[in-house]
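Residues 731 to 1079 (our numbering) are what the sequence shown spells out, left to right. Glycine is no exception: its CB is placed at the ideal position from the N, C-alpha and C atoms. Predicted model, so just to flag it, every value in this text is computed and none were measured. For reference, the structure discussed in these notes is given below.
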Amino acid sequence: MQKYANGNMKEVCHMASIEKRGNSYRIKVSCGYKADGKQVTQKMTWTPAEGMTEKQIEKELQRQAVLFEEDCKRGQIVSAVKFETFAEEWFEDYAKLNLKSTTFTRKRQLTKRVYAAIGHIRLDKLTTREIQKFINSLAKDGVNENTGKALSRKTMVHYLSFISTVIDFAIKMDILTDNPCRRVTIPKGSKKERQILTIEETEEFFRLLQNAPLKYRAFFTLDIYSGMRRGEMLGLEWKDIDFQTGVIHIQRTSNYTKARGIYTDTTKTESSVRFIKVPMEIIEVLTVYKAEQDEERLKLGDKWHDTDRLFVKWDGHPMNLQTPYGWLKEFCEKNDFPFYGIHQFRHLH
(Lines of atoms letter the chains of each structure in order from A and count residues from 1; the text may use other names and numbers.)
(Lines give C-alpha, C1' and ligand atoms only; values in the text may rest on other atoms or scores of the structure.)
Protein backbone atom coordinates (compact mmCIF):
# COMPACT_ATOMS: atom_id res chain seq x y z
CA MET A 1 0.00 0.00 0.00
CA GLN A 2 1.15 3.58 -0.60
CA LYS A 3 -0.09 6.99 0.44
CA TYR A 4 -0.44 9.49 -2.42
CA ALA A 5 -0.38 13.25 -2.22
CA ASN A 6 -4.13 13.30 -1.60
CA GLY A 7 -3.70 11.11 1.50
CA ASN A 8 -5.45 8.06 0.06
CA MET A 9 -3.84 4.58 0.28
CA LYS A 10 -3.46 2.65 -2.97
CA GLU A 11 -1.72 -0.65 -3.65
CA VAL A 12 1.23 -0.23 -6.05
CA CYS A 13 2.63 -3.75 -5.84
CA HIS A 14 2.50 -6.63 -3.44
CA MET A 15 5.77 -5.69 -1.73
CA ALA A 16 6.11 -1.90 -1.81
CA SER A 17 4.41 0.63 0.45
CA ILE A 18 4.82 4.41 0.40
CA GLU A 19 4.41 6.93 3.17
CA LYS A 20 4.37 10.72 2.78
CA ARG A 21 6.88 12.42 5.06
CA GLY A 22 6.76 16.19 4.72
CA ASN A 23 7.75 17.10 1.18
CA SER A 24 9.17 13.64 0.42
CA TYR A 25 7.98 10.04 0.28
CA ARG A 26 9.46 6.94 1.92
CA ILE A 27 9.20 3.77 -0.14
CA LYS A 28 9.51 0.55 1.88
CA VAL A 29 9.88 -2.98 0.51
CA SER A 30 9.68 -6.25 2.42
CA CYS A 31 12.62 -8.55 1.59
CA GLY A 32 11.66 -11.62 3.56
CA TYR A 33 12.60 -12.71 7.06
CA LYS A 34 15.76 -13.45 9.01
CA ALA A 35 16.44 -16.76 10.72
CA ASP A 36 15.09 -15.31 13.99
CA GLY A 37 11.77 -14.44 12.34
CA LYS A 38 12.35 -10.69 12.09
CA GLN A 39 11.21 -9.05 8.87
CA VAL A 40 13.88 -7.60 6.60
CA THR A 41 12.90 -4.33 4.94
CA GLN A 42 14.66 -1.89 2.61
CA LYS A 43 13.78 1.78 2.41
CA MET A 44 14.40 4.69 0.09
CA THR A 45 13.29 8.31 0.06
CA TRP A 46 12.01 10.09 -3.04
CA THR A 47 11.45 13.85 -3.25
CA PRO A 48 9.36 15.33 -6.10
CA ALA A 49 10.94 17.98 -8.27
CA GLU A 50 9.71 21.48 -7.67
CA GLY A 51 6.70 22.40 -9.77
CA MET A 52 5.41 18.85 -10.32
CA THR A 53 1.62 18.49 -10.37
CA GLU A 54 -0.22 16.06 -8.11
CA LYS A 55 -0.88 13.78 -11.10
CA GLN A 56 2.80 13.85 -12.11
CA ILE A 57 3.83 13.08 -8.53
CA GLU A 58 1.50 10.07 -8.36
CA LYS A 59 2.73 8.72 -11.68
CA GLU A 60 6.44 9.16 -10.88
CA LEU A 61 5.94 7.85 -7.35
CA GLN A 62 4.44 4.65 -8.71
CA ARG A 63 7.34 4.32 -11.16
CA GLN A 64 9.93 4.82 -8.40
CA ALA A 65 8.20 2.21 -6.22
CA VAL A 66 8.18 -0.37 -9.03
CA LEU A 67 11.86 0.29 -9.86
CA PHE A 68 12.82 0.01 -6.19
CA GLU A 69 10.91 -3.24 -5.84
CA GLU A 70 12.62 -4.67 -8.94
CA ASP A 71 16.02 -3.72 -7.51
CA CYS A 72 15.13 -5.54 -4.32
CA LYS A 73 14.04 -8.62 -6.25
CA ARG A 74 17.36 -8.66 -8.13
CA GLY A 75 19.19 -8.35 -4.83
CA GLN A 76 20.72 -4.98 -5.70
CA ILE A 77 19.43 -3.60 -2.42
CA VAL A 78 21.56 -5.46 0.07
CA SER A 79 20.21 -7.38 3.00
CA ALA A 80 22.00 -7.11 6.33
CA VAL A 81 24.94 -9.36 5.39
CA LYS A 82 28.32 -8.53 6.92
CA PHE A 83 31.50 -8.39 4.87
CA GLU A 84 33.08 -11.34 6.69
CA THR A 85 30.01 -13.51 6.15
CA PHE A 86 29.90 -12.76 2.44
CA ALA A 87 33.68 -13.13 2.06
CA GLU A 88 33.40 -16.65 3.48
CA GLU A 89 30.73 -17.37 0.88
CA TRP A 90 33.15 -16.10 -1.79
CA PHE A 91 35.85 -18.48 -0.55
CA GLU A 92 33.42 -21.39 -0.68
CA ASP A 93 31.48 -20.58 -3.86
CA TYR A 94 34.24 -19.07 -6.02
CA ALA A 95 37.79 -19.14 -4.64
CA LYS A 96 37.87 -22.82 -3.74
CA LEU A 97 36.67 -23.75 -7.23
CA ASN A 98 38.67 -21.31 -9.35
CA LEU A 99 41.89 -20.25 -7.61
CA LYS A 100 45.16 -22.10 -7.44
CA SER A 101 45.92 -23.62 -4.03
CA THR A 102 48.79 -21.19 -3.41
CA THR A 103 46.64 -18.17 -4.34
CA PHE A 104 43.77 -19.47 -2.19
CA THR A 105 46.13 -19.86 0.78
CA ARG A 106 47.52 -16.33 0.31
CA LYS A 107 44.01 -14.87 0.24
CA ARG A 108 43.19 -16.77 3.41
CA GLN A 109 46.21 -15.25 5.15
CA LEU A 110 44.86 -11.77 4.43
CA THR A 111 41.55 -12.35 6.22
CA LYS A 112 42.89 -11.92 9.75
CA ARG A 113 43.57 -8.19 9.38
CA VAL A 114 40.68 -7.55 6.98
CA TYR A 115 38.03 -9.21 9.15
CA ALA A 116 39.29 -7.46 12.28
CA ALA A 117 38.98 -4.08 10.55
CA ILE A 118 35.85 -4.33 8.37
CA GLY A 119 34.47 -7.84 8.77
CA HIS A 120 31.67 -6.63 11.05
CA ILE A 121 30.43 -3.96 8.61
CA ARG A 122 27.40 -4.66 6.40
CA LEU A 123 28.14 -4.78 2.68
CA ASP A 124 25.68 -1.95 1.99
CA LYS A 125 27.31 0.18 4.71
CA LEU A 126 30.92 -0.43 3.63
CA THR A 127 32.20 2.89 2.32
CA THR A 128 35.34 4.09 0.59
CA ARG A 129 36.17 5.96 3.80
CA GLU A 130 36.12 2.76 5.89
CA ILE A 131 38.30 0.87 3.41
CA GLN A 132 40.70 3.81 3.04
CA LYS A 133 41.03 3.97 6.83
CA PHE A 134 42.01 0.28 6.93
CA ILE A 135 44.52 0.57 4.08
CA ASN A 136 46.07 3.66 5.70
CA SER A 137 46.54 1.72 8.93
CA LEU A 138 48.81 -0.72 7.08
CA ALA A 139 51.21 2.14 6.31
CA LYS A 140 51.95 2.82 9.98
CA ASP A 141 55.23 1.81 11.62
CA GLY A 142 55.02 -1.39 13.64
CA VAL A 143 52.36 -3.10 11.50
CA ASN A 144 54.97 -5.49 10.12
CA GLU A 145 55.74 -7.61 13.18
CA ASN A 146 58.96 -8.93 11.64
CA THR A 147 60.59 -5.61 10.72
CA GLY A 148 58.76 -3.18 12.98
CA LYS A 149 58.03 -1.06 9.91
CA ALA A 150 54.97 -0.38 7.76
CA LEU A 151 53.84 -2.96 5.25
CA SER A 152 55.18 -2.59 1.73
CA ARG A 153 53.03 -0.92 -0.89
CA LYS A 154 52.84 -4.23 -2.76
CA THR A 155 51.35 -5.91 0.32
CA MET A 156 48.81 -3.10 0.71
CA VAL A 157 47.80 -3.68 -2.92
CA HIS A 158 47.20 -7.35 -2.08
CA TYR A 159 44.89 -6.38 0.82
CA LEU A 160 42.90 -3.92 -1.28
CA SER A 161 42.71 -6.40 -4.14
CA PHE A 162 41.21 -9.05 -1.84
CA ILE A 163 38.51 -6.67 -0.56
CA SER A 164 37.79 -5.46 -4.08
CA THR A 165 37.53 -9.02 -5.43
CA VAL A 166 34.93 -9.94 -2.80
CA ILE A 167 32.90 -6.82 -3.56
CA ASP A 168 33.14 -7.44 -7.31
CA PHE A 169 31.72 -10.90 -6.65
CA ALA A 170 28.82 -9.26 -4.77
CA ILE A 171 28.21 -7.05 -7.82
CA LYS A 172 28.33 -10.06 -10.11
CA MET A 173 25.74 -11.76 -7.89
CA ASP A 174 23.49 -8.65 -8.18
CA ILE A 175 23.94 -7.83 -4.50
CA LEU A 176 25.76 -4.52 -4.99
CA THR A 177 25.96 -1.98 -7.80
CA ASP A 178 29.17 -0.14 -6.87
CA ASN A 179 32.68 -1.00 -5.69
CA PRO A 180 34.00 1.61 -3.20
CA CYS A 181 37.54 0.17 -3.54
CA ARG A 182 37.90 1.97 -6.88
CA ARG A 183 38.19 5.27 -5.04
CA VAL A 184 40.77 4.11 -2.49
CA THR A 185 44.33 5.44 -2.71
CA ILE A 186 47.27 3.21 -1.80
CA PRO A 187 49.82 4.99 0.48
CA LYS A 188 53.48 4.83 -0.47
CA GLY A 189 54.36 2.50 2.42
CA SER A 190 57.85 1.27 3.13
CA LYS A 191 59.97 0.63 0.07
CA LYS A 192 62.15 -2.42 0.38
CA GLU A 193 65.49 -1.92 -1.29
CA ARG A 194 66.20 -4.74 -3.72
CA GLN A 195 69.49 -6.44 -2.98
CA ILE A 196 71.25 -8.55 -5.59
CA LEU A 197 74.81 -9.76 -6.03
CA THR A 198 77.31 -7.63 -7.91
CA ILE A 199 79.21 -9.14 -10.85
CA GLU A 200 82.27 -9.53 -8.61
CA GLU A 201 80.20 -11.23 -5.89
CA THR A 202 78.61 -13.51 -8.48
CA GLU A 203 82.06 -14.62 -9.69
CA GLU A 204 83.04 -15.33 -6.07
CA PHE A 205 79.78 -17.24 -5.56
CA PHE A 206 80.55 -19.49 -8.54
CA ARG A 207 84.03 -20.09 -7.15
CA LEU A 208 82.60 -21.15 -3.78
CA LEU A 209 80.05 -23.42 -5.50
CA GLN A 210 82.88 -25.55 -6.90
CA ASN A 211 83.16 -27.16 -3.45
CA ALA A 212 79.40 -27.57 -2.97
CA PRO A 213 77.41 -30.79 -3.58
CA LEU A 214 76.74 -31.26 -7.29
CA LYS A 215 72.96 -31.04 -6.79
CA TYR A 216 73.18 -27.50 -5.41
CA ARG A 217 75.90 -26.45 -7.82
CA ALA A 218 73.57 -27.45 -10.66
CA PHE A 219 70.56 -25.76 -9.03
CA PHE A 220 72.09 -22.34 -8.42
CA THR A 221 74.15 -22.23 -11.62
CA LEU A 222 71.02 -22.97 -13.65
CA ASP A 223 68.99 -20.51 -11.57
CA ILE A 224 71.37 -17.62 -12.25
CA TYR A 225 71.67 -18.30 -15.98
CA SER A 226 67.95 -18.97 -16.56
CA GLY A 227 66.16 -16.49 -14.29
CA MET A 228 63.54 -19.10 -13.44
CA ARG A 229 61.23 -18.85 -10.44
CA ARG A 230 61.92 -21.27 -7.61
CA GLY A 231 58.71 -23.23 -8.29
CA GLU A 232 59.67 -23.52 -11.96
CA MET A 233 63.14 -24.79 -11.04
CA LEU A 234 61.70 -27.45 -8.77
CA GLY A 235 59.10 -28.40 -11.36
CA LEU A 236 61.73 -29.18 -14.04
CA GLU A 237 61.89 -32.75 -15.34
CA TRP A 238 64.71 -34.32 -17.31
CA LYS A 239 62.53 -34.59 -20.41
CA ASP A 240 62.31 -30.78 -20.39
CA ILE A 241 66.04 -30.50 -21.14
CA ASP A 242 67.33 -30.69 -24.71
CA PHE A 243 70.96 -31.66 -24.12
CA GLN A 244 71.81 -31.16 -27.80
CA THR A 245 70.60 -27.57 -28.20
CA GLY A 246 70.67 -26.24 -24.64
CA VAL A 247 66.95 -25.39 -24.80
CA ILE A 248 64.84 -25.89 -21.68
CA HIS A 249 61.02 -26.13 -21.74
CA ILE A 250 59.36 -24.54 -18.69
CA GLN A 251 55.83 -25.91 -18.40
CA ARG A 252 55.03 -26.69 -14.75
CA THR A 253 55.75 -25.66 -11.17
CA SER A 254 56.23 -27.48 -7.90
CA ASN A 255 54.27 -25.89 -5.06
CA TYR A 256 53.43 -26.49 -1.42
CA THR A 257 50.52 -25.76 0.89
CA LYS A 258 49.93 -27.14 4.36
CA ALA A 259 46.70 -28.77 3.22
CA ARG A 260 48.09 -30.49 0.10
CA GLY A 261 51.79 -30.87 0.81
CA ILE A 262 54.10 -30.81 -2.25
CA TYR A 263 52.12 -30.90 -5.50
CA THR A 264 52.60 -30.14 -9.21
CA ASP A 265 50.76 -27.20 -10.77
CA THR A 266 50.65 -25.13 -13.94
CA THR A 267 52.92 -22.11 -14.31
CA LYS A 268 52.04 -18.74 -12.76
CA THR A 269 50.54 -17.43 -16.01
CA GLU A 270 49.98 -18.83 -19.51
CA SER A 271 52.89 -16.75 -20.80
CA SER A 272 55.14 -18.37 -18.19
CA VAL A 273 55.10 -21.54 -20.29
CA ARG A 274 58.17 -20.91 -22.44
CA PHE A 275 61.40 -22.16 -23.96
CA ILE A 276 64.72 -20.70 -22.83
CA LYS A 277 68.25 -21.17 -24.12
CA VAL A 278 71.13 -21.60 -21.66
CA PRO A 279 74.89 -21.76 -22.35
CA MET A 280 76.22 -25.23 -23.14
CA GLU A 281 78.47 -24.91 -20.06
CA ILE A 282 75.28 -25.19 -17.98
CA ILE A 283 74.17 -28.22 -19.98
CA GLU A 284 77.52 -29.83 -19.18
CA VAL A 285 76.91 -29.32 -15.45
CA LEU A 286 73.42 -30.83 -15.79
CA THR A 287 74.85 -33.79 -17.73
CA VAL A 288 77.26 -34.62 -14.90
CA TYR A 289 74.49 -34.09 -12.34
CA LYS A 290 72.13 -36.46 -14.20
CA ALA A 291 74.82 -39.16 -14.25
CA GLU A 292 75.20 -38.80 -10.48
CA GLN A 293 71.43 -39.00 -9.95
CA ASP A 294 71.21 -42.09 -12.17
CA GLU A 295 73.84 -43.78 -9.99
CA GLU A 296 71.82 -42.99 -6.87
CA ARG A 297 68.70 -44.37 -8.52
CA LEU A 298 70.45 -47.67 -9.28
CA LYS A 299 71.86 -47.92 -5.75
CA LEU A 300 68.47 -47.42 -4.10
CA GLY A 301 66.59 -49.76 -6.44
CA ASP A 302 62.98 -50.17 -5.26
CA LYS A 303 63.39 -47.41 -2.67
CA TRP A 304 63.80 -44.85 -5.43
CA HIS A 305 60.64 -43.02 -6.57
CA ASP A 306 60.99 -42.17 -10.24
CA THR A 307 59.46 -38.70 -10.69
CA ASP A 308 61.83 -37.58 -13.49
CA ARG A 309 62.43 -34.38 -11.50
CA LEU A 310 65.86 -32.72 -11.64
CA PHE A 311 65.88 -31.64 -8.03
CA VAL A 312 64.75 -34.30 -5.62
CA LYS A 313 65.11 -35.66 -2.11
CA TRP A 314 67.39 -38.60 -1.38
CA ASP A 315 64.74 -41.09 -2.58
CA GLY A 316 63.63 -39.33 -5.78
CA HIS A 317 60.60 -37.55 -4.35
CA PRO A 318 60.26 -33.86 -5.38
CA MET A 319 62.43 -31.55 -3.27
CA ASN A 320 60.73 -29.41 -0.63
CA LEU A 321 60.38 -25.75 -1.66
CA GLN A 322 62.25 -24.53 1.40
CA THR A 323 65.26 -26.83 0.94
CA PRO A 324 67.22 -24.66 -1.55
CA TYR A 325 66.61 -21.57 0.57
CA GLY A 326 67.76 -23.26 3.78
CA TRP A 327 70.83 -24.75 2.11
CA LEU A 328 71.82 -21.42 0.53
CA LYS A 329 71.46 -19.52 3.81
CA GLU A 330 73.65 -22.01 5.64
CA PHE A 331 76.15 -22.03 2.75
CA CYS A 332 76.45 -18.22 2.78
CA GLU A 333 76.88 -18.08 6.56
CA LYS A 334 79.55 -20.78 6.44
CA ASN A 335 81.50 -18.91 3.75
CA ASP A 336 80.89 -15.41 5.18
CA PHE A 337 79.08 -14.50 1.96
CA PRO A 338 76.11 -12.07 1.50
CA PHE A 339 72.73 -13.79 1.67
CA TYR A 340 69.91 -12.09 -0.25
CA GLY A 341 67.53 -15.02 -0.63
CA ILE A 342 66.80 -17.04 -3.77
CA HIS A 343 64.50 -14.70 -5.69
CA GLN A 344 67.34 -12.21 -6.10
CA PHE A 345 68.91 -14.58 -8.64
CA ARG A 346 65.91 -13.93 -10.93
CA HIS A 347 66.66 -10.19 -10.77
CA LEU A 348 70.37 -10.87 -11.17
CA HIS A 349 69.62 -12.74 -14.39
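Top-ranked residue by Cα proximity to residue i, from the options
i: residue 1064; options: 962, 1025, 938; result: 938
i: residue 1068; options: 879, 849, 927, 867; result: 927
i: residue 815; options: 896, 859, 783, 910; result: 896
i: residue 832; options: 1033, 988, 975; result: 988
i: residue 979; options: 956, 918, 758, 785; result: 956
i: residue 912; options: 869, 992, 862; result: 862
i: residue 948; options: 908, 934, 1011; result: 1011
i: residue 918; options: 865, 826, 1056; result: 865
i: residue 958; options: 1077, 872, 934, 889; result: 1077
i: residue 1025; options: 1006, 1046, 1013, 1060; result: 1046
i: residue 857; options: 870, 902, 894, 874; result: 894
i: residue 1008; options: 954, 827, 879; result: 954
i: residue 1004; options: 875, 1061, 977; result: 977
i: residue 868; options: 886, 898, 851; result: 886
For residue j and residue i, the rounded distance between their alpha carbons
i: residue 818; j: residue 796; result: 33 Å
i: residue 1017; j: residue 971; result: 10 Å
i: residue 1035; j: residue 943; result: 21 Å
i: residue 765; j: residue 812; result: Here residue 765 scores only 47 on pLDDT, less than 50, and its place in the model is too uncertain to base an answer on.
i: residue 916; j: residue 821; result: 25 Å
i: residue 996; j: residue 982; result: 5 Å
i: residue 802; j: residue 793; result: 14 Å
i: residue 742; j: residue 836; result: Caution applies to residue 742, whose pLDDT of 35 falls short of 50 and renders its modelled position unreliable; the model cannot decide the point.
i: residue 844; j: residue 834; result: 15 Å
i: residue 782; j: residue 776; result: 13 Å
i: residue 1050; j: residue 760; result: 56 Å
i: residue 975; j: residue 969; result: 13 Å
i: residue 999; j: residue 952; result: 21 Å
i: residue 825; j: residue 891; result: 14 Å
i: residue 838; j: residue 752; result: 49 Å
i: residue 1028; j: residue 973; result: 22 Å
i: residue 933; j: residue 884; result: 32 Å
i: residue 991; j: residue 965; result: 14 Å
Beta bridge counterpart(s) of residue i as assigned by DSSP
i: residue 987; result: 991
i: residue 771; result: 760
i: residue 751; result: 754
i: residue 979; result: 1005
i: residue 1039; result: 967
Residue i CB to nearest heavy atom of the ligand FMN below 8 Å
i: residue 938; result: Looking at this structure, you won't find the ligand FMN or any other ligand, since it has none at all.
Three-state class that DSSP yields for residue i in the structure shown
i: residue 1044; result: coil
i: residue 968; result: helix
i: residue 779; result: coil
i: residue 959; result: coil
i: residue 746; result: strand
i: residue 736; result: The predicted position of residue 736 is uncertain, since its pLDDT is 38 and thus under 50; no value can be drawn from it.
i: residue 765; result: The predicted model places residue 765 with a pLDDT of 47, which falls under 50 and marks its position as unreliable; any figure quoted below should be read in that light. Coil, per DSSP.
Quick one: complete alpha helix (DSSP H) runs, 4+ long, within the stretch 850 to 901?
858 to 867
Inside the stretch 794 to 830 only - alpha helix (DSSP H) runs reaching at least 4 residues:
813 to 820
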